[in-house]
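Structure first, commentary second.
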Amino acid sequence: MKILFGILISLISLPSIGQQMEKNSIKSFMGDPMQAGGVPYGVNQTAGKFVDVGDAKLYYEIYGTGIPLVILHGGGVGSIYEMHQFIDSLSQNFQVIAISTRGHGKSGLGNGPTTVVQKANDILAVVNAEKLDKVIVLGFSDGAYSGFSFASTYPEKIIKLIAIGAGEETPELRKISMDLPELYGLDPVFKEQQLVLMPEPERLKEMGDRMAAFYNSTSFSKELFNKIQCPVLVMAGEKDGNAPLQTIITAYLMIPDSQLSIVPNTGHVVFNENFSAVWASMKPFLEE
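In terms of this note's numbering, the sequence shown opens at residue 569 and continues consecutively.
The following block contains the structure:
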């Protein structure tokens with residue numbers, strides 16, 4: 569049965585794909601991964617590992633114990649640190665595996681075009697490296713589309729999926745551009761932090777071009793969504809400019825076993841605006 573959650577929330581919004589950002593917004597969203605007393609998510613040597621996927625090495629970090637739960641950050645300006653509130657909370661009861669997706673953080677970009685199968689295979693490589701049977705997946709924005717890719721390609725490997733800020737996406741709906749050097753340039757501190765981590769920082773523009781090409785040529789719609797067999801919580805802000813409300817509702821209706829959480833009066837990065845509200849929707853879904 570499909571279930572609708574309504575939660576109050578307010579504050580700011582920062583897109584991860586194909587939307588223009590206000591000056592200095594990246595750092596205020598990301599925070600400082602080197603902050604005193606905080607866990608240096610994304611650069612934590614004690615928790616970090618690499619897996620070879622053939623044309624690149626992917627970086628990931630593991631926290632906690634319990635049922636394995638994969639976390640996938642947003643694209644472009646996203647990072648493991650972006651998901652720090654989820655890692656903090658979920659690692660109390662789950663084994664959290666936070667992945668830096670291709671070209672982000674310490675992960676290599678690899679060669680060739682980005683595809684649904686490539687996204688799914690990258691997640692599978694980490695799952696297999698850790699010798700895991702099945703996992704829960706939580707993804708935000710580009711990470712949610714990666715979650716859709718994994719769930720539709722390897723339905724036998726996923727227990728549940730939480731997809732935040734991602735709905736129906738087809739080339740006909742919109743044209744996406746991704747000038748990553750320009751976006752990173754809006755915040756010199758953030759740019760310096762991220763480029764130091766990247767194994768191939770000179771390929772930043774290429775990463776943005778490849779992401780744009782993927783979304784401008786790939787459909788996340790009925791054919792793909794109908795292949796997803798696990799329970800899915802589709803979540804978004806009511807005023808998400810990156811994944812408009814109608815696309816979220818359409819995806820929810822297309823996914824066979826889905827629940828919907830719409831957070832009124834908020835934008836794309838709903839968990840940054842009011843994490844407690846997002847957690848209130850996630851917790852019962854995870855406990856079912």
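We put the CB at the ideal spot given by N, CA and C, even for glycine.
Note that this is a predicted model, so its numbers are computed, not measured.
{"Check": "With burial defined as no fewer than 16 other Cβ atoms inside 10 Å of the residue's Cβ, what is the status of Glu-770: buried or exposed?", "Outcome": "exposed"}
{"Check": "Taking only heavy atoms of the ligand NAD into account, decide whether any of them is closer than 7 angstroms to the Cβ of Leu-751.", "Outcome": "Absence of the ligand NAD from the depicted structure is noted, as is the absence of any ligand whatsoever, leaving it without description."}
{"Check": "For Ile-823, which three-state DSSP category applies?", "Outcome": "coil"}
{"Check": "Write down every uninterrupted run of the beta strand (DSSP E) in the region 683-738 whose length is 3 residues or greater and which is fully enclosed by it, in chain order.", "Outcome": "703-708 and 726-732"}
{"Check": "Would you call the region 754-772 and the region 785-795 in contact, with 3 or more CB pairs under 8 angstroms?", "Outcome": "no"}
{"Check": "If you reduce the DSSP assignment to three classes, tell me which class Pro-832 lands in.", "Outcome": "coil"}
{"Check": "According to DSSP, is Gln-603 helix, strand or coil?", "Outcome": "Legend: pLDDT at Gln-603 = 48, less than 50; position of this residue unreliable, value from coordinates given subsequently. Here Gln-603 sits in coil by DSSP."}
{"Check": "Using only the alpha-carbon positions, how far apart do Tyr-627 and Ser-745 sit?", "Outcome": "26 angstroms"}
{"Check": "For the beta strand (DSSP E) that contains Met-803, what are its first and last residues?", "Outcome": "800-805"}
{"Check": "To the nearest angstrom, report how far apart Gly-642 and Ile-635 are at their CA atoms.", "Outcome": "23 angstroms"}
{"Check": "Which residues in the same chain as Tyr-752 place their Cβ atom closer than 6 angstroms to its Cβ, once the five residues preceding and following it in sequence are excluded?", "Outcome": "Lys-759"}
{"Check": "Residues in its own chain within less than 8 angstroms of Glu-724 by CB, not counting five upstream and five downstream?", "Outcome": "Lys-702"}
{"Check": "Helix, strand or coil for Asp-777? Go by DSSP, reduced to three states.", "Outcome": "helix"}
{"Check": "Can you check the region 644-689 for any beta strand (DSSP E) of at least 3 residues that lies completely inside it and give the ranges in chain order?", "Outcome": "662-667"}
{"Check": "Check the C-beta distance from Ala-819 over to His-836 and give it rounded, since I have them as a contact under 8 angstroms.", "Outcome": "Between His-836 and Ala-819 the Cβ distance is about 15 angstroms, and since that is not below 8 angstroms, they are no contact."}
{"Check": "Measure the C-alpha to C-alpha separation of Ala-615 and Asn-840 and round it to an integer number of angstroms.", "Outcome": "24 angstroms"}
{"Check": "What is the rounded straight-line gap between the Cα of Leu-748 and the Cα of Lys-851?", "Outcome": "34 angstroms"}
{"Check": "My output table needs one value for Val-764: the three-state DSSP class, helix, strand or coil.", "Outcome": "helix"}
{"Check": "DSSP three-state call for Lys-851: helix, strand or coil?", "Outcome": "helix"}
{"Check": "Which residues bound the beta strand (DSSP E) around Glu-629?", "Outcome": "625-631"}
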